[in-house]
Structure formats: structure tokens, C-alpha cells
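J.: In our numbering, the protein residues as written are -10 to 223. By construction, the Cβ of each residue, glycine as well, lies at the ideal position given by its N, Cα and C atoms. Note that the structure is a prediction, hence the values are computed from the model and not measured. Please find one structure pasted underneath; my questions will follow.
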Amino acid sequence: MVMPFGLTNASASFQAFINHVLQEHIDVIYIVYLNDILIYSKNLEEHKKHINLILASLREYNLQYAREKSEFAVTEYEFLKAIITSNSVKMDPKKVQAIQNWPIPQEIKEIQSFLELYNYYRCFIRKYNFISAALSELTKKQVKFEITPEQIATFDTLKNSFVSAPILRIYDSKLPIKVETNASIAALRACLLQLHPNKKWYPVAYISHKFDATQLRYAIHDKELMTIVKTCRK
């Protein structure tokens, strides 16, 4: 395989290649991210058929799988830093513990590293942009870096939000849905929920977006409308 611009685009080139190899059933019976393949099936017999389909496609392109790194017929699996079960997605406890042990940042790069990890899990966090705003301001070039009691409080709140983050339910097209939206002066937030047989609403995903300079000037009713539009598109 020839990769345009060398190693710079290695990941993108391989992703395009593996998508081509497994294109027939992507997002139907499995999800593919680089060399990780997550198969989802309704029962064991169906699972065996799905595995055979994937192996046949890999064999056609002379590709092999690492048997010692593979797991089959499991009901819980770690995939892309999250724990996935038959009906839910939750944050990896090891990552949560690492975040709890994160020391107070003393320079901009440390704040940026923390926010990058926090941003990765944003779909689990209610009011993501609302909570992170104070620390995000410190990463701007025109802002003097200074850790104040307010920033420390924000940092602690961010860490605690990981611990209290809910377990997200996997979307079920057969269940009723509800979308809750809200817009403030500086940001928007929304939550997709579904009504389960026990008559309780459970979150599927959280959405949060910080308004840019132009959007900040919108009237509040326009911000509310934009929140609905962005949420539906997401």
C-alpha cells in the first residue's frame, strides 16, 4: 500500500483500506476503527455467522487477525476507551481513576492535555461547555495564565463530573425518544433520551457547543432555535 505524504496520513490511509475490505456490512453488524473490529449480534448463532463473514472478507485480501488479542461471544467489551454492553456505554473505570489522580495544572500545556481528554468523553458529560469554560479561557493566547481559586474549583468540578457521569444507553429505534435543549448566553446544550419499558427516561448522548463570536450576538430565541437545529443534525 502506498500512503500519500508518508506516515502523516498512515492512519487515514489504513482506515480507508479496511473500510473498503469490510464495506459490505460496516455499521450493520460491526464497527471498524483502524485495526479494531467490534461485532454486535442479537444471539450466539447470529454472532458466529457475523464472525465468518468478517473472516471471509479478511481472507479475501490476505489479512489475518491476532487471535491472542481477540475476544468472541462476550457481553461486555472495552472499545475506544469505553465499556460497551448489550444496552449501555460507560466510561472506562481505569480512565476515570487516572482523571481523579490528575494534579492541578501548573501551565497551559497541562490544561490543554486535561481538556483534550475531557473533550474525548464529552458525550457523557452534562453541561460540558458550561463546566469547562473557565479553564478553556486560560488556553487563549491573549489571556494571562494564572491559576485562581475559581479555576481550581472548575478543575475539581470537571474531575467530579467524570465520577458522576451517567451510563449512556445504546439507541434503540423501537423506543420513544425525547430531546431536551437549552441555550444560555455563551453556549448550548442538549440531551437525547429514550423511554424504556420501566417507564423511565435514560440518556443516550449529551451535546454541548460553545458559541463563537458571531453566535454570541444572536438573540436568545435565535440561540434556542440554533440549539434545536444543531441537535437534530447531530
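Name the two residues that bound the continuous beta strand (DSSP E) containing A55.
T.: Where A55 is concerned, there is no enclosing beta strand (DSSP E), given that its DSSP letter is neither H nor E.
J.: Would you say A179 and T128 are within 8 Å of each other, going by their C-beta atoms?
T.: Cβ distance not < 8 Å, so A179 and T128 don't count as in contact.
J.: Short check: CB of V78 to CB of I159, under 8 Å?
T.: Contact: yes.
J.: Since I believe Y191 is in contact with Q183 (beta carbons under 8 Å), could you give me their beta-carbon distance rounded to a whole number of angstroms?
T.: With 8 Å as the limit, Q183 and Y191 qualify as a contact, their Cβ atoms being about 6 Å apart.
J.: If you check the beta carbons only, do K116 and S197 fall under 8 Å apart?
T.: Yes, they are a contact pair.
J.: Since F3 is in the alpha helix (DSSP H), which residue starts that stretch and which ends it?
T.: Start and end: A(-1) to V10.
J.: Figure out for me which residue from E49, L44 and T64 has the closest Cα to the Cα of R56.
T.: Per the Cα distances, L44.
J.: Exposed or buried, which one is Y22 when buried takes at least 16 other CB atoms within 10 Å?
T.: Classification of Y22: exposed, given that the 10 Å Cβ count is below 16.
J.: Using CA coordinates, which residue listed in I73, I136 and S150 is at the minimum distance from R111?
T.: Ranking I73, I136 and S150 by Cα distance to R111 puts S150 first.
J.: Hey, would you say A176 sits closer than 8 Å to F200, going by beta carbons?
T.: Against a cut-off of 8 Å, the Cβ pair of F200 and A176 comes out as a contact.
J.: According to DSSP, simplified to helix, strand and coil, what is E126?
T.: E126: helix per DSSP, three-state reduction.
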